[in-house]
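For reference, each letter of the sequence shown is one residue, going -31 to -1, 1 to 566 in mature numbering (1 follows the signal peptide of the UniProt record, and there is no 0).
These notes are about the structure you will find just below.
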Amino acid sequence: MISWLQKKGRMTAGTALTALALSIGAGVSHAADERVGDFALLDHEGYFHHMAWYDNNKAVAFLVQGNGAAETRDALAKFSSLKADYADQGIVFMMINPLGEARSEVAAEVAAMNTDIPVLIDDVQAVSESMGIERFGEAVIYDPKSFRVVYRGDAGQPFADALAAVAAGEQVSNAFVATAGTEVQYVERNPSDVSYEKDVAPIIAENCASCHREGGVAPFALNSHAMVQGWSPMIREVMMTKRMPPGQMDPHVGNFRNSYVVPFEDQRKVLDWIAAGSRKDGTTDPLAMIEWPPTEWAFGEPDYVIEIPEQQIPATGVLDYRYEFIPINLPDGKDRFVKASQYMPGDRTVLHHTLNALFKPGERPSGRGFVGTPDPNLAYITPYIPGAAPYVEEPNTGGLLMDGSTIAIQLHYTTTGREAVDASRIGVWFYPEGEEPQERMTGECACIFTPTWTNIPPYDPNFEQQAQIVIPDDAYLHSFLPHMHFRGKYMRFEAHYPDGSTEMLANIANYDYNWQMEYKLAEQKLVPAGTRIVVTGAFDNSEQNKANPDPSRSVPWGDQSWDEMFFGQVYYKFVDQSRYQAQADEAVDANLVSSAQ
């Protein structure tokens, strides 16, 4: 976690965007009625707040909070009283911390103030400057429809008068009122000091270019300064609303190698550069110099390719899940340990996701092929899910792919208005022949199925469900994978240890059905036997959820996307791996005997 002092020394400011007619700079007084733009922030408990989601309200009222700021405490009683007065009049009340102070300290301050009003923490400081916030204890009224500040200043009677005008649908007559609170000390900075060549291009290359390239999954390529400059308004918008990079987690919880969150100081640099006009400097264009692999396969040509039978997809209609049972015929008939795998979709526009399960030689899949708990000794073959990357095993870890086994694959397709053909492939890479990884990964799902599923009530904006698993022996946690459908809002993984303590392990604060990633810890985490992993997920069945197929439904569990699911997958390794070694040796020996016969 980056401390506020570190951020003070490293971050730069300036979030204005010429394309949005915005002119923002530190220490400059801002009149109200300036267009701030849409934005999203996490609060002191890690919950996600997107201003556009509140556009069915007349306004969002903010009180500027700072740790230890007497002005905030003095103004809070009146602010809370106004919150109660306007509870049913379409005005939402929040606080905002403009300096991105440490969440734990802000949470302690909130507890000391004995309030349930959330504090949105501006880690990048861009939102607060764009709203013109200057002093602790002042109030801001923001219109979530026009994304404008309609009042800023004294949190006393002038603020109350402004709220009354907004509630009545009238224009605020006195939109800016000076206040005497302690000044918010933003860091002085010069946006023109940010370099495209040295600063911005490397950030884009690290966080964006692997998708935004020719042949990538993104809709346009960020492969030159001209392209980045042309898309600068969009880049600013998706960064301010946390829409990109996709699949973002709460950066204050856990330490993940793939959190998909751009570091705060890097966000600031990109926003500053855009504010200064997105200019090019230097003698090279680093983005134009990136050379991508000539093949779509992530690790070169696979050692083995599983060909999925060609699927004909009609132009319209609702398609049942499809199931294929594909025999595994390995080169030379030799069993091999799998090191990596990659699902190569034939047509991404119609293939939504797949699931799979391996069955040993001689075993017959029952039902639809997904009964029972996966055997950790068998290879993990990656499915296809939106946003998924090729799967690579941890060092010295992997399972066995046996000649003569069967892979059962479930395929979920959606129609697009045109006929399509999907001919997908799965590339598999092996450990060198004779090399056997000594460790096995296992996984368990904190899931809710029928009949224990509780239908999501109509129009409910935050319906929570909860499931849990128990880790039976000492284990190392490695990753978490959430799965819900269009109404999925957030999912939290929390450890409840045998000694009674708890710890938040992962917080997918802004779940997006279009991006379902497996979030991998940077370092494996040891948990003792008996640890409960409690998974809490919330669903937004309101009209404010723009992806919601039908907010009036009581939503059941179901396979199709307009129904819902709740899967909180946890992947881990047992500390004692001896249980698997004998089983693996027996499986190899048995298959060798069977093959010889």
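Where a beta carbon is used, it is the ideal one built from N, C-alpha and C, also for glycine.
**Message:** Can you look up E206 in the DSSP assignment and give me helix, strand or coil?
**Reply:** The sequence position of residue 206 within the sequence shown is 237, counting from 1. In the structure shown, E206 sits in a helix (DSSP, three-state: H, G or I).
**Secondary structure, beta strand (DSSP E): runs of 3+ residues fully inside the segment 103 to 138** = For the segment 103 to 138, whole beta strand (DSSP E) runs of length 3 or above, ordered along the chain, are 108 to 112, 117 to 122.
**Item:** Nearest-angstrom Cα separation, counted from G386 out to P426
**Value:** Taking the sequence shown and counting its residues from 1, the one referred to as residue 426 is at position 457. Taking the sequence shown and counting its residues from 1, the one referred to as residue 386 is at position 417. Rounded to whole angstroms, P426 to G386 spans 31 Å at the Cα level.
**Asked** Taking all protein chains shown into account, do 16 or more other C-beta atoms lie within 10 angstroms of the C-beta of S495, making it buried, or fewer, making it exposed?
**Response** Sequence index remark: in the sequence shown, residue 495 carries index 526 (1-based). Per the sequence shown, residue 495 should be read as Leu rather than Ser. By the neighbour-count rule (16 or more Cβ atoms within 10 Å), L495 is not buried but exposed.
**Asked** So, do the segment 23 to 36 and the segment 59 to 76 have three or more beta carbon pairs nearer to each other than 8 Å?
**Response** yes
**Prompt:** Three-state secondary structure (DSSP) at A187?
**Reply:** As a position in the sequence shown, residue 187 is number 218, starting the count at 1. Coil at A187, not helix or strand.
**Request:** Could you tell me which residues DSSP pairs with G223 in its beta bridges?
**Result:** Working through the sequence shown from its first residue, we reach residue 223 at position 254. According to DSSP, G223 bridges with nothing at all.
**Prompt:** Looking only at DSSP bridge pairs, what is Q538 linked to?
**Reply:** On the sequence shown, position 569 is the one that residue 538 refers to. Q538 is bridged to C414, L450.
**Message:** Beta-carbon within less than 8 Å of F189's beta-carbon, same chain only, minus the 5 sequence neighbours each way: which residues are those?
**Reply:** Mapped onto the sequence shown, residue 189 falls at position 220. Excluding sequence positions up to five before and after F189, its CB lies within less than 8 Å of the CB of H181, M196, W200, all in the same chain and listed in chain order.
**Asked** Between A30 and F48, is the Cβ-Cβ spacing less than 9 Å?
**Response** The sequence position of residue 30 within the sequence shown is 61, counting from 1. The sequence position of residue 48 within the sequence shown is 79, counting from 1. Cβ distance < 9 Å, so A30 and F48 count as in contact.
**Request:** In angstroms with no decimal places, state the Cα-to-Cα distance between P202 and E103.
**Result:** In the sequence shown, counting from the first residue as 1, residue 202 sits at position 233. In the sequence shown, counting from the first residue as 1, residue 103 sits at position 134. Straight-line Cα distance between these residues: approximately 26 Å.
**Request:** Have a look at W261, M100, M20, W422 and flag the residue whose alpha-carbon is nearest the alpha-carbon of F535.
**Result:** For this step, residue 535 is matched to residue 566 along the sequence shown. Ranking the options by Cα distance to F535, first place goes to W422.
**Prompt:** Got a sec? Which residues, its chain only, sit under 6 Å from D443 by beta carbon, not counting five neighbours each side?
**Reply:** Along the sequence shown, one-based indexing puts residue 443 at 474. The residues are P497, A498, V544.
**Prompt:** What whole-angstrom Cβ distance do V503 and E463 have, given they're in contact under 8 Å?
**Reply:** Locating residue 503 in the sequence shown gives position 534, where the first residue counts as 1. Locating residue 463 in the sequence shown gives position 494, where the first residue counts as 1. Indeed, because the Cβ distance is near 5 Å, the residues count as touching under 8 Å.
**Prompt:** In terms of DSSP beta bridges, what is M313 paired with?
**Reply:** Numbered from its first residue, the sequence shown carries residue 313 at position 344. Looking at the DSSP assignment, M313 forms a beta bridge with R394.
**Asked** Within the chosen definition, does the segment 2 to 21 reach the segment 92 to 109 through at least 3 CB pairs nearer than 8 Å?
**Response** yes
**Asked** By Cβ distance below 8 Å, which residues in the same chain neighbour S521 in space, the five residues on each side in sequence not counted?
**Response** Mapped onto the sequence shown, residue 521 falls at position 552. Contacts found: P427, Y428.
**Residue nearest to Q407 in terms of C-alpha spacing, selected from R394, E363, N66, T253** = Taking the first residue of the sequence shown as 1, we reach residue 407 at position 438. The shortest Cα separation from Q407 among R394, E363, N66, T253 belongs to E363.
**Asked** What residue from A389, P345, D85 has the CA that sits closest to S547's CA?
**Response** Looking up residue 547 in the sequence shown gives position 578. Among A389, P345, D85, the Cα nearest to that of S547 belongs to P345.
**Message:** Rounding to the nearest angstrom, what Cα-Cα distance links H(-2) and P220 in this structure?
**Reply:** Along the sequence shown, read from residue 1 onward, the residue named residue -2 stands at position 30. Along the sequence shown, read from residue 1 onward, the residue named residue 220 stands at position 251. Residue confidence for H(-2) is low, a pLDDT of 46 falling below 50, so the modelled location carries little weight; the figure read from the coordinates is stated next. So the alpha carbons of these two residues sit roughly 31 Å apart.
**Request:** Pull up the DSSP beta-bridge partners for V544, would you.
**Result:** Here residue 544 corresponds to residue number 575 of the sequence shown, with the count starting at 1. DSSP lists no partner for V544.
**Message:** Let me check one thing: in DSSP terms, what residues is E152 bridge-paired to?
**Reply:** The residue labelled residue 152 in the question sits at position 183 within the sequence shown. Looking at the DSSP assignment, E152 forms a beta bridge with R104.
**Prompt:** Where R212 and N483 are concerned, what is the direct C-alpha to C-alpha distance, given to the nearest angstrom?
**Reply:** The residue you call residue 212 lines up with position 243 of the sequence shown. The residue you call residue 483 lines up with position 514 of the sequence shown. Their backbone Cα atoms lie some 11 Å apart in a straight line.
**Request:** For residue 567, name the three-state secondary structure that DSSP assigns.
**Result:** Past the edges of the chain, shown from -31 to 566, lies residue 567, and the structure says nothing about it.
**Asked** D12 bridges to which residues according to DSSP?
**Response** Translated into the one-based positions of the sequence shown, residue 12 becomes position 43. For D12, which the question treats as bridged, DSSP gives the partners L89.
**Request:** Mind listing, in chain order, the continuous beta strand (DSSP E) runs of no fewer than 3 residues lying wholly within the segment 466 to 535?
**Result:** Those beta strand (DSSP E) runs which fall completely within the segment 466 to 535 and span 3+ residues are 471 to 477, 488 to 496, 501 to 508.
**Asked** Per DSSP, what kind of secondary structure is N325 in: helix, strand or coil?
**Response** Against the sequence shown, residue 325 aligns to sequence position 356. Looking at N325 - three-state DSSP - the assignment turns out to be strand.
**Message:** I'd like the span of the beta strand (DSSP E) that includes R291, first residue to last.
**Reply:** Locating residue 291 in the sequence shown gives position 322, where the first residue counts as 1. That run of the beta strand (DSSP E) goes 291 to 296.
**Extent of the continuous alpha helix (DSSP H) to which M82 belongs** = Within the sequence shown, the letter at position 113 stands for residue 82. Run containing M82: 72 to 82, per the alpha helix (DSSP H) assignment.
**Asked** Which of the three DSSP states, helix, strand or coil, is assigned to K27?
**Response** Taking the sequence shown and counting its residues from 1, the one referred to as residue 27 is at position 58. Residue state for K27 is assigned as coil, using DSSP reduced to three classes.
**Request:** Over the uninterrupted beta strand (DSSP E) stretch that includes F62, give me the two end residues.
**Result:** For this step, residue 62 is matched to residue 93 along the sequence shown. It spans 60 to 66 - the beta strand (DSSP E) in which F62 sits, taken as one unbroken run.
**Item:** L561, DSSP secondary structure in three states
**Value:** On the sequence shown, residue 561 is found 592 positions in, with the first residue counted as 1. With a pLDDT of 46 at L561, under the threshold of 50, the predicted position of this residue should be treated as unreliable, and no value is reported.
**Request:** State yes or no: is the C-beta of P271 within less than 9 Å of the C-beta of E293?
**Result:** As a working note, residue 271 is residue 302 in the sequence shown. As a working note, residue 293 is residue 324 in the sequence shown. Cβ distance not < 9 Å, so P271 and E293 don't count as in contact.
**C-alpha gap between R4 and K542, whole angstroms** = Taking the sequence shown and counting its residues from 1, one reaches residue 4 at position 35. Taking the sequence shown and counting its residues from 1, one reaches residue 542 at position 573. Distance between the alpha carbons of R4 and K542: 51 Å.
**Request:** Taking all protein chains shown into account, decide if Q311 is buried (16 or more other Cβ within 10 angstroms of its Cβ) or exposed.
**Result:** Stepping through the sequence shown from its first residue, residue 311 is reached at position 342. With 16 or more other Cβ atoms within 10 Å, it is buried.
**Asked** Should the segment 308 to 325 be regarded as contacting the segment 351 to 369, the criterion being three or more beta carbon pairs within less than 8 Å?
**Response** Three or more Cβ pairs drawn from the segment 308 to 325 and the segment 351 to 369 lie within less than 8 Å of each other, which places the two stretches in contact.
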